[in-house]
Every structure is written in C-alpha cells, then in structure tokens.
Amino acid sequence: MRVWLFAAMAAIGVTVGACSAPERGPAVPRADTERALPLGIANARFYPGVHAKEMTEVGNEALRREIANLPPGARLPPANYLAISGGGDNGAFGSGLLNGWTAAGTRPQFKGVTGVSTGALIAPLAFLGPDYDGVLREVYTTMTAERIYRFRGLTAALFDDAMADTTPLSTLIAKYVDQKMLDAIAVEYRKGRLLLIGTTDLDSQRPVIWNIGAIADSGKPGALALVQQILRASSAIPGAFQPVLIEVEVDGKKYQELHVDGGAVAQMFLYPASVDLSKVGPKRERRAWLIRNARLDPDYADTERRTLSIAGRAISTMLAASGVNDVLRLYFISKRDGVDYNLAYIGRDFDPPPKKGEFDQAYMRALFDYGYRQALAGQEWHKVPPGLEQD
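What follows is the structure in structure tokens.
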C-alpha cells in the first residue's frame, strides 16, 4: 500500500495546490521553532542538528540517575542500546526476534531504546522488557489492515490530508499505551533509562527526537495523550496516513506543528551524529543492537512501463536505499565512538507465503516465526552491514 499510495500522489499531485485543504491552527513562526514547547516540558524533544549540547546533557543526567540507583560499591554495567527501524507489517520480524531473544535467555536490559514508524510502536514494549512480549506477539500476528486504517478513496489526494484515515490505529495505540504503561516508563526513566521516538516536523523540515520518559515523568495533564500522538505521528506515512497536529506554546501563544513518519528523514537512529558517546560519562562497555525490519538486498521485480508502476518502483527503490544508508551511517558512528555494533535484518533465506495485501496475517506470522527462530538459534546478529564483510 505504501508504494502504491505514494505513486498515486506523485501522479496527480500537480493538481493538489489548486484545491482547498483541511484546516489547521497557526504554525510556529520560523524564528521560534526551537523555542516551542509541548505541554511546557523543556526536555520533551530535540532537533538533532541543533540540540547536540542539550541531548548530551540528557545523557549525562540519565547517567547520574543510573549511578544513584546502583547498589553501594557496584560498578556501572555494560550499556546496551536498541534501535528499531520502520517497515510497516515487517515489524513482525522485530517482534518475533525480541520474543526469541527472550526465549534464548540472552536478551539484555536496554539502557536506551529508539524507534521510528512501526519501530516506534514496538519500542515502548521492548523498553519495558519481556513482560510485554505477549503484547508484541499479539499485535504483530493478529493485525489486519482494518485495525490500522480506512481507505478514503482517490479523491482524498485532492481534498484531504491523506489517502487513509488512521483513526483505527489511534484506537489501537490507546488500547496498549495506557496510563499504566506510561507510569512504568516513568519509573524506568528515573532509573536512568531513555526511550526516544523519531518523527518529522514538516513545517520546519526537521527530524524530531522525543524524550518519552521525560514526558511520562512530567506529571503533566495531557502527557498520555501527547505520547499517543507521537507514536501515531511516527507511523504516519506522508500522503498515505493522516499527519498529526501537535500543540505547542511559545511565550504563552498556542501553535500547531504538523508531524509525520520519522522515516521521512531516517528509518532508524541511535543518537545524533553530533553527539560523541565516547565523551559522555565514564568509560564503559557499550553495545548497539539494530533491528532493521526489512531486507537489505535488492528486491527484483519486472517493472511495467506505466506511470504508476514506474513511480511506485522508484519510490520503493529510494526507501530501500535509505534503509541501507541508515545501517551504514550507524555502523560508522558506532565505530567512531567505540560502540560494539550488532545488526539484524530480514535475510535472503526468508521464504514468505504469497502476500495477499498489507498486514496479511499469514505473512506476518511467518515473519514473526522467522525472527523468533533466528534469535533462538543465535543467528540474528551481524557485526558489519552487508557489503562491508571481509573475506
């Protein structure tokens, strides 16, 4: 669905400008973008290219909380960081891998967890640990398209903000991300652990990293609703799924930001490249665990010589190339900072059943089982991205 909808938008997008659009509140003035605050929470979110010092301080504060929670005389344990990529229904791979990792008895507790798109939906459950494995299994083996979106029809490309209405996704998020979960995230945040989610601010054309633990721990009315909005926004495929309007405030004035899928900028992240992790806190062993919910080898197809087929295939190629670039970028950042690199992705050996559409249960169950078996057998982690292996 993702590629087809993008292709449809590309084919008829030239006429969109002449049509009316759904209303929204005033956007944040350009000069005030970096000062805008959601719920008045100063450390709720960051622009990676601008807030390197602030994000480094967030890391230092988390370290101080971690040390304060150590038993007397105990040394800092290794720090494990988990990054989960986008990938739509391919999130079944990451879900199965996490379940299998638990079953293998080798899954660590993560110092930090990041997520984008479908990875954003997995991230809170992965952050809170194996107690939520059953929820992961349920979501990614019983999901259907009807529980995610309602297709609006082709006229939505001209007269609405997306091709599909994601009210069902909003309902699904609210079912699992409730006050109990928010309180549990806040408890872990106070122990020095971080949960970060990526969205894209379309107004400012910038990636945004949301500090979910700080929001959960703020005690602000509206914190739960904001976290639910962030998760929905991170999954909002531009043009396909509804964008999310997030209310912010500057000098007592209220504005709205338009947020979409974090994958519009990066499909996976650990921390901004401007942050040198080797210079944050005392020396300790650090490990990065990256789950790429997609294949990393070319997906051959006989492309029809038709406008939509060509546009869709080109967009699919760009998304695949972006995913490859993400794992390479994180590899070189990890090497720079002395962080042990571990990458899992859907391999060529995955032989799926015929897929009957997006969120096809047979496909997702097969992919869940594939990820589970990979983890249980200890075969999931690669030390370098494909193409960089040495003979």
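Number 1037 marks the last residue of the sequence shown (the working numbering); no jumps. Where is the CB? At the ideal position from N, CA and C, for every residue including glycine. Since we're looking at a predicted model, the values are computed, not measured.
- The C-beta distance from Tyr-693 to Val-911 rounds to 11 Å, too long to fall under 8 Å, and the pair is not in contact.
- When the beta-carbon positions are compared, Gly-740 and Gly-765 come within less than 8 Å of each other.
- Counted as a single uninterrupted DSSP element, the stretch harbouring Trp-747 is not any beta strand (DSSP E) but the alpha helix (DSSP H) occupying residues 737-750.
- According to the DSSP secondary-structure assignment, Asp-986 is paired through a beta bridge with Arg-933.
- Burial is judged here by how many other beta carbons sit within 10 angstroms of a residue's own beta carbon; Phe-805 has fewer than 16 and is exposed.
- A distance below 6 Å between beta-carbons, with the five flanking residues on each side excluded, links Lys-1001 to the following residues of its chain, in chain order: Tyr-1009.
- Positions of the beta strand (DSSP E) runs, each at least 3 residues long and wholly inside the stretch 757-794, are given as 758-762 in order along the chain.
- For a cut-off of 8 Å, the C-beta gap from Phe-1014 to Thr-787 is around 5 Å, short enough to register as a contact.
- One Cα belongs to Leu-840, the other to Gln-875, and the distance between them is close to 19 Å.
- Secondary structure note for Ile-843: its beta strand (DSSP E) is the uninterrupted segment 840-847.
- In this structure, the beta-carbon distance from Gly-746 to Arg-933 does not fall below 8 Å.
- Shown here for Asn-706: same chain residues with a beta carbon closer than 7 Å to its own, the five before and five after excluded, namely Val-926 and Gly-927 in chain order.
- Only residues of its own chain outside the window of five on either side were considered, and among them Asp-735, Met-789, Thr-790, Ala-791 and Ile-794 have a CB closer than 7 Å to the CB of Phe-1005, listed in chain order.
- Taking the Cα positions, Leu-743 is about 27 Å away from Ala-708.
- When only Cα atoms are considered, Asn-689 and Ser-955 end up about 44 Å apart.
- The DSSP assignment places 840-847 and 852-857 as complete runs of the beta strand (DSSP E) inside the stretch 818-880, in order along the chain (cut-off: 3 residues).
- Counting C-beta pairs with one atom in each stretch, the stretch 746-761 and the stretch 972-980 have fewer than three that are closer than 8 Å, which means they do not touch.
- Only residues of its own chain outside the window of five on either side were considered, and among them Leu-728, Ala-769, Ala-772, Phe-773 and Leu-841 have a CB closer than 6 Å to the CB of Val-759, listed in chain order.
- Contact between the stretch 875-886 and the stretch 906-923 is present: three or more C-beta pairs spanning the two stretches fall below 8 Å.
- Rounded to the nearest whole angstrom, the C-alpha separation of Gly-859 and Arg-951 is 49 Å.
- The Cβ atoms of Gly-737 and Asn-988 do not sit closer than 8 Å to each other.
- Three or more beta-carbon pairs separated by less than 8 Å are not found between the stretch 811-819 and the stretch 892-899, which leaves the two stretches without contact.
- Distances from the CA of Arg-783 to each of Ala-673, Ser-850, Glu-703 and Gln-1007 were compared; the closest alpha carbon is that of Gln-1007.
- Runs of beta strand (DSSP E) with 3 or more residues, each lying fully within the stretch 945-1015, are found at 986-992, listed in chain order.
- Separation of the CB atoms of Pro-999 and Ala-990 is rounded to 22 Å, and the pair is thereby denied contact status at 8 Å.
- With 16 or more other Cβ atoms inside 10 Å of its own Cβ, Leu-828 counts as buried.
- By the criterion of a C-beta distance shorter than 7 Å, Ser-924 is surrounded in its chain by Asp-983 and Gly-984, once the five residues flanking it on both sides are discounted.
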